[in-house]
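Numbers 38 to 563, taken from my numbering, label the letters of the sequence shown in order.
We treat Cβ as the ideally placed atom computed from N, Cα and C, and that holds for glycine.
Working notes for the structure below.
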Amino acid sequence: MTTDTDPPAAPPASPGTALRPPVAAAIGVLAVGMALAAGDLVAALVAPPSSPFLAVGNQFIRLTPEPLKEFATSTFGVHDKQVLLAGMAVVITVVAALGGLLSRRTPVPGLTLVVVLGLVGATCAAAAPTFTMDFLAAPAVALVAGAATFAGLHRLARRDATAGPDPENDQGARRRLLLGLGAALAGAGVVGFFGRHLAAAAGAEASREAVGPLPSPAGTPVVPPPAADFAASGTTTWLTPNDQFYRIDTALQVPQVSTSDFTLRIHGMVDREITLTYDQLRGRRLLQAPITMACVSNDVGGNLISNAMFLGVPLRDLLAEAGVKAGANQIASTSVDGFTTGTPVAACTDGRNAMLALGMNGQPLPVEHGFPVRMVVPGLYGYVSGCKWITDIELTTFGAFQPYWEQRGWAQQGPVKTQSRIDVPQAQAAVTAGRVTVAGTAWAQHRGIARVEVRADSGPWQTAELAADASIDTWRMWRTVLDLGRGDHTLEVRATDATGATQPSMTSPTIPDGATGWHTVTVTAS
38 MTTDTDPPAA PPASPGTALR PPVAAAIGVL AVGMALAAGD LVAALVAPPS SPFLAVGNQF
98 IRLTPEPLKE FATSTFGVHD KQVLLAGMAV VITVVAALGG LLSRRTPVPG LTLVVVLGLV
158 GATCAAAAPT FTMDFLAAPA VALVAGAATF AGLHRLARRD ATAGPDPEND QGARRRLLLG
218 LGAALAGAGV VGFFGRHLAA AAGAEASREA VGPLPSPAGT PVVPPPAADF AASGTTTWLT
278 PNDQFYRIDT ALQVPQVSTS DFTLRIHGMV DREITLTYDQ LRGRRLLQAP ITMACVSNDV
338 GGNLISNAMF LGVPLRDLLA EAGVKAGANQ IASTSVDGFT TGTPVAACTD GRNAMLALGM
398 NGQPLPVEHG FPVRMVVPGL YGYVSGCKWI TDIELTTFGA FQPYWEQRGW AQQGPVKTQS
458 RIDVPQAQAA VTAGRVTVAG TAWAQHRGIA RVEVRADSGP WQTAELAADA SIDTWRMWRT
518 VLDLGRGDHT LEVRATDATG ATQPSMTSPT IPDGATGWHT VTVTAS
């Protein structure tokens with residue numbers, strides 16, 4: 038039964054009547070936008086990793102072939118995740134608009150698209166390493182919200198398209214359509230805002246701020262040692278500020294762990310299983326040491342390397358307390374988001390400053406660098422030693438467990454290779470002919486740098502001046518002066534570590550265990 042106050046039913050569709058293309062495209066985009074916003078909101082309340090948008094992105098990362106990942110890392114560096122998210126947003130917008138355009142005469146194509154996207158989001162959420170049934174709530178709500186929005190807007194648009202010659206009826210239908218489109222846009226914006234706000238409110242930054250200053254063992258200063266820094270000559274600073282420290286990991290959304298929620302379990306091939314809270318870790322004996330970390334994806338001359346003063350609990354203390362059983366040669370570490378690394382037990386018990394880090398450059402770990410606790414092991418690339426947001430340590434063997442990157446073709450063990458880099462002059466730089474300062478950085482973590490040599494145009498090697506040696510676990514700055522005449526010049530650098538091994542000239546890619554080769558730049562003197 039109907040009344041006079043009921044809105045008129047949409048006139049029957051006629052084959053010649055179709056929605057205007059801009060309206061149809063807008064309906065598709067707004068419906069998918071509402072679905073993603075609703076998914077974000079529910080995910081923030083239930084399980085942040087289950088956000089359909091992030092779930093799809095994370096699954097894309099898990100399935101992406103290694104050559105493509107390496108291309109993204111080498112091309113975009115620390116901005117690879119932003120590029121991925123922006124690319125996903127563009128693709129989703131285009132697909133949603135096409136879905137709308139295909140629905141100019143009937144809503145079936147658009148509704149089918151919304152359902153398919155919802156099922157894709159649910160499938161990707163279910164594929165997460167930390168999946169629980171809660172992960173399905175956000176995709177389910179997203180699917181319902183998107184379908185309802187599409188169906189409602191399409192109904193209003195059909196009424197507008199078939200309003201007929203009556204001006205009053207035509208204006209009323211047009212007004213209802215515009216109000217509906219505006220309401221959908223505002224609704225998606227408000228829901229998305231609250232989703233982002235709740236995700237931020239549930240974050241770890243407040244917990245990090247509450248930690249306050251961390252103790253500095255034996256008054257160890259968080260400053261560069263005298264004469265270790267050649268920044269005045271053009272090198273990077275010896276100590277990397279926290280906000281400039283490189284970040285490469287698989288997390289599209291930084292895991293949010295508070296100190297009150299943190300626990301660490303040490304188990305497996307041990308005599309005694311141990312479970313520790315953050316306060317228990319902080320109350321133990323701490324060490325502070327400068328450590329240079331490098332990414333295995335760092336190309337020759339690349340910038341995916343940084344140096345910081347880390348503060349943490351010595352891993353050898355924890356392993357001694359747990360009692361490592363004979364035969365255990367790998368530490369399998371798991372992050373709160375399910376990411377895994379595999380670290381040689383020997384590298385954590387041979388006396389080097391391997392630690393579970395709580396602090397970085399005199400502050401609690403930044404959230405994006407693993408707060409509240411991460412692993413740091415000098416001399417190893419981060420992919421086998423730098424588990425962030427760590428929550429589980431299992432003593433096992435290399436034969437029994439394959440961590441994340443090894444499953445994808447990277448080497449089982451990742452000792453850092455001896456490398457050097459020209460920081461100044463930069464490639465393609467114009468310099469003044471004559472005496473030109475050439476300066477840069479060299480590293481061979483846990484072996485140390487003994488010599489750096491530089492040459493121009495394949496001429497004789499010239500030994501560079503080395504900065505003060507702060508630690509065999511950190512990089513070392515170098516500088517020299519070359520006489521360059523007018524014209525183009527090719528500059529090369531090579532380093533020799535403290536064992537007497539000189540970095541090879543042969544260039545090799547980063548896969549499977551790090552790049553090799555001499556860093557070369559071309560400059561023009563005038």
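Within 9 angstroms, strictly: CB atoms of residue i and residue j
| i | j | result |
| --- | --- | --- |
| residue 548 | residue 447 | yes |
| residue 318 | residue 350 | yes |
| residue 514 | residue 267 | yes |
| residue 465 | residue 557 | no |
| residue 333 | residue 416 | no |
| residue 105 | residue 306 | no |
| residue 323 | residue 395 | yes |
| residue 296 | residue 244 | yes |
| residue 484 | residue 552 | no |
| residue 63 | residue 136 | no |
| residue 474 | residue 489 | no |
| residue 232 | residue 77 | yes |
| residue 142 | residue 218 | no |
| residue 352 | residue 326 | no |
| residue 213 | residue 235 | no |
| residue 312 | residue 365 | no |
| residue 155 | residue 124 | no |
| residue 500 | residue 272 | no |
| residue 73 | residue 129 | yes |
| residue 397 | residue 348 | yes |
For residue j and residue i, the rounded distance between their alpha carbons
| i | j | result |
| --- | --- | --- |
| residue 100 | residue 113 | 19 angstroms |
| residue 518 | residue 459 | 13 angstroms |
| residue 430 | residue 308 | 14 angstroms |
| residue 410 | residue 427 | 6 angstroms |
| residue 221 | residue 437 | 52 angstroms |
| residue 38 | residue 211 | Confidence is the limiting factor: at residue 38 the pLDDT is only 44, short of 50, which leaves the residue's position unreliable and the question unanswerable from this model. |
| residue 18 | residue 253 | Summary: the structure shown does not reach residue 18, with the chain confined to residues 38 through 563, and so no result is reported for it. |
| residue 572 | residue 363 | Residue 572 is absent from the model: the chain starts at 38 and stops at 563. |
| residue 88 | residue 140 | 27 angstroms |
| residue 189 | residue 404 | 41 angstroms |
| residue 344 | residue 81 | 34 angstroms |
| residue 301 | residue 168 | 20 angstroms |
| residue 284 | residue 149 | 39 angstroms |
| residue 181 | residue 226 | 17 angstroms |
| residue 186 | residue 320 | 54 angstroms |
| residue 67 | residue 83 | 24 angstroms |
| residue 376 | residue 425 | 9 angstroms |
| residue 97 | residue 304 | 32 angstroms |
| residue 265 | residue 389 | 21 angstroms |
| residue 368 | residue 329 | 21 angstroms |
| residue 119 | residue 496 | 43 angstroms |
| residue 378 | residue 132 | 36 angstroms |
| residue 107 | residue 250 | 38 angstroms |
| residue 510 | residue 95 | 33 angstroms |
| residue 195 | residue 60 | 10 angstroms |
| residue 546 | residue 278 | 29 angstroms |
| residue 456 | residue 166 | 35 angstroms |
| residue 472 | residue 504 | 20 angstroms |
| residue 449 | residue 521 | 44 angstroms |
| residue 370 | residue 439 | 11 angstroms |
| residue 197 | residue 224 | 22 angstroms |
| residue 331 | residue 508 | 16 angstroms |
Burial state of residue i (16 or more Cβ within 10 Å)
| i | result |
| --- | --- |
| residue 543 | exposed |
| residue 58 | exposed |
| residue 246 | exposed |
| residue 49 | Confidence at residue 49 is low in this model, with a pLDDT of 46, below 50, so the placement of that residue is unreliable and no value is reported for it. |
| residue 336 | buried |
| residue 126 | exposed |
| residue 79 | buried |
| residue 216 | exposed |
| residue 145 | exposed |
Cβ separation of residue i and residue j, assumed to be a contact under 8 angstroms, to the nearest whole Å
| i | j | result |
| --- | --- | --- |
| residue 421 | residue 469 | Actually they are not in contact, since the Cβ atoms of residue 421 and residue 469 sit about 45 angstroms apart, beyond 8 angstroms. |
| residue 158 | residue 93 | 6 angstroms |
| residue 423 | residue 413 | 6 angstroms |
| residue 162 | residue 175 | 7 angstroms |
| residue 386 | residue 356 | 6 angstroms |
| residue 467 | residue 563 | 6 angstroms |
Output the residue ranges of the alpha helix (DSSP H) runs that lie fully inside the region 113–190 and measure 4 residues or longer, sorted by chain position.
-> 117–138 and 145–163
Every unbroken alpha helix (DSSP H) inside the region 270–299 [4 residues or more] = none
What are the complete alpha helix (DSSP H) segments, minimum 4 residues, inside the region 191–250?
-> 204–238 and 242–248
In chain order, which continuous runs of the beta strand (DSSP E) of length 3 or greater are located wholly inside the region 356–387?
-> 367–372 and 377–381
For the region 449–524, which segments carrying the alpha helix (DSSP H) assignment without a break, of at least 4 residues, lie completely within its bounds, in sequence order?
-> none
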